[in-house]
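Note that the working numbering has the sequence shown beginning at 42, numbered continuously upward.
For each residue, glycine too, the CB sits at the ideal point set by N, CA and C.
In this text, all values refer to a predicted model and were calculated from it rather than measured experimentally.
Only one structure is covered here, and it is reproduced in the block below.
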Amino acid sequence: MIITHYEAVKLLEAKKKGLKNADVSLDLGVTASRIQMQNNFFIFPDNQKLDEQQLRKIIKNDTSCFLIKDNSLVKIQLFSDKTNKFYKLVPTKNAPTIEISGIRMHVTKEMTPIEDTKRKTESISPIRGIVLDTCMGLGYTAIAASKTADFVFTCEKDENVIEIAKLNPWSKDLFNNKKISILKTSIFDEINVFKNNMFDAVIHDPPRLSLASELYSLEFYKQVFRVLKKNAKLYHYVGAPGSKNRKINLAGNVSKRLNAAGFRNIKNAHYGLTAYK
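The following block contains the structure:
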């Protein structure tokens, strides 16, 4: 069971009104559950109990998701000595995003992660055939692509991201869908294994440049070009890091490298670029 400040606020408001129960989600908006209120306790499924002080703690930590376990709260977050990074599941109005060392992996200021994902995949719709999703994250892109594609390969080299995804109800289809294959490796290495002209589409949504510069390199783009079928389409998330303060035109630089790799008809798309082989 997962609870965030959205549910905590709703439960406290119900208690203030004198209600004996309230319906909230315990899986980040996927389904609803009825919570009973008895003797200043909030009674959850499996007879788990939280008090008002615990709910107020959740509200103060409004960028965290909490597991309810043994009548206590456990933040869905971890620090890895191996990568020296901090990983955290961050709630939104629907599907959560993952934050890695303070950097969110989805656009969340203007839209939800699901809307962000939808706009990325729609940039190269219709998605058919065999698809490569280069950087899995929470798997929203792979899940969205699998709805119309024949098969989706998605890569994730960071085992900590995979562990966070396993706790996320919105990532469930990632592990249950037979049309999705998770490759626990770096796409920079794995792309060399794929055959020529293998993919009908590539969705490249890498971490920002400072975290994975190799995924913005001409060497990598040449491999993406190689594995795409003729006339197949690429979507490349770029973002705009450094554009305000340092006047860096990352999209322009990426466009030049894509062109050098052989791509054509390169255009601006949702926070990134699209291109054809």
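Cα-Cα separation between Leu53 and Glu93, rounded to whole angstroms: 7 Å
Beta-carbon spacing of Ile244, Asp174 below 8 Å: yes
From Ile84, Leu69, Cys196 and Ile100, residue whose alpha carbon lies closest to that of Thr138: Leu69
Nearest candidate by alpha-carbon position, reference His46, set Ala301, Lys101 and Leu91: Lys101
Given Asn237 as reference, the closest of Lys198, Ile223, Lys318 and Asp122 once Cα atoms are compared: Lys318
N- and C-terminal bounds of the beta strand (DSSP E) containing Ile19: Nothing can be reported for residue 19: it is not among the residues displayed for the chain, which extend from 42 to 318.
Boundaries of the beta strand (DSSP E) in which Ser187 is found, first to last residue: Here Ser187 belongs to no beta strand (DSSP E); instead the alpha helix (DSSP H) covers Tyr181 to Ser187.
Bounding residues of the beta strand (DSSP E) (the contiguous stretch that carries Ile228): Taken as a continuous stretch (DSSP letters only), Ile228 belongs to no beta strand (DSSP E), being part of the alpha helix (DSSP H) at Ile228 to Glu231.
Cβ-based burial, Arg249 [other Cβ within 10 Å; buried from 16]: buried
As assigned by DSSP and simplified to three states, the class of Gly59: coil
8 Å Cβ cutoff met for Leu259 and Ala316: no
Start and end residues, alpha helix (DSSP H) containing Phe304: Here Phe304 belongs to no alpha helix (DSSP H), and DSSP marks it neither H nor E.
8 Å Cβ shell around Lys263 - same chain, five flanking residues per side excluded: Ala302 and Gly303
Thr195: first and last residue of the uninterrupted beta strand (DSSP E) it sits in: Phe192 to Cys196
Enclosing alpha helix (DSSP H) for Thr149 [first to last residue]: First-last for Thr149: undefined, no H or E at that position.
According to DSSP, residues forming a beta bridge with Met78: Phe83
Residues bridged to His277 (per DSSP): His245 and Leu314
Sequence-distant residues of its chain with Cβ nearer than 8 Å to Lys308 (five each side left out): Leu314, Thr315 and Ala316
Assigned secondary structure, Ser284 (DSSP; H/G/I helix, E/B strand, else coil): Unreliable positioning characterises Ser284 in this predicted model, as indicated by a pLDDT of 48, which lies under 50. The coordinate reading is nonetheless provided below. Looking at Ser284 - three-state DSSP - the assignment turns out to be coil, as it is neither helix nor strand.
Residue span of the beta strand (DSSP E) that contains Phe120, given as start and end: Gln118 to Ser121
Nearest-angstrom Cβ-Cβ length linking Leu269 and Phe240, presumed shorter than 8 Å: 5 Å
Distance between beta carbons of Cys196 and Glu163, contact taken as under 8 Å: About 22 Å; that fails the 8 Å criterion.
Classification of Phe120 by the beta-carbon crowding that lies within 10 angstroms, buried from 16 upward: exposed
Unbroken beta strand (DSSP E) run spanning Asp214, endpoints: Counting along the chain, Asp214 falls outside any beta strand (DSSP E), though it belongs to the alpha helix (DSSP H) covering Lys213 to Asn217.
Test item: CB-CB of Ser66 and Ala73 under 8 Å: yes
Residue from Ala273, Tyr257, Val234 and Leu224 whose Cα sits closest to the Cα of Ala38: As shown, the chain starts at 42 and ends at 318. That puts residue 38 outside it, with no answer to give.
Simplified DSSP state of Leu269, which is helix, strand or coil: strand
Backbone secondary structure at Phe261 - three-state DSSP: helix
Nearest residue (CA-CA) to Ala185, options Ile155, Phe266, Ser222 and Phe235: Ile155
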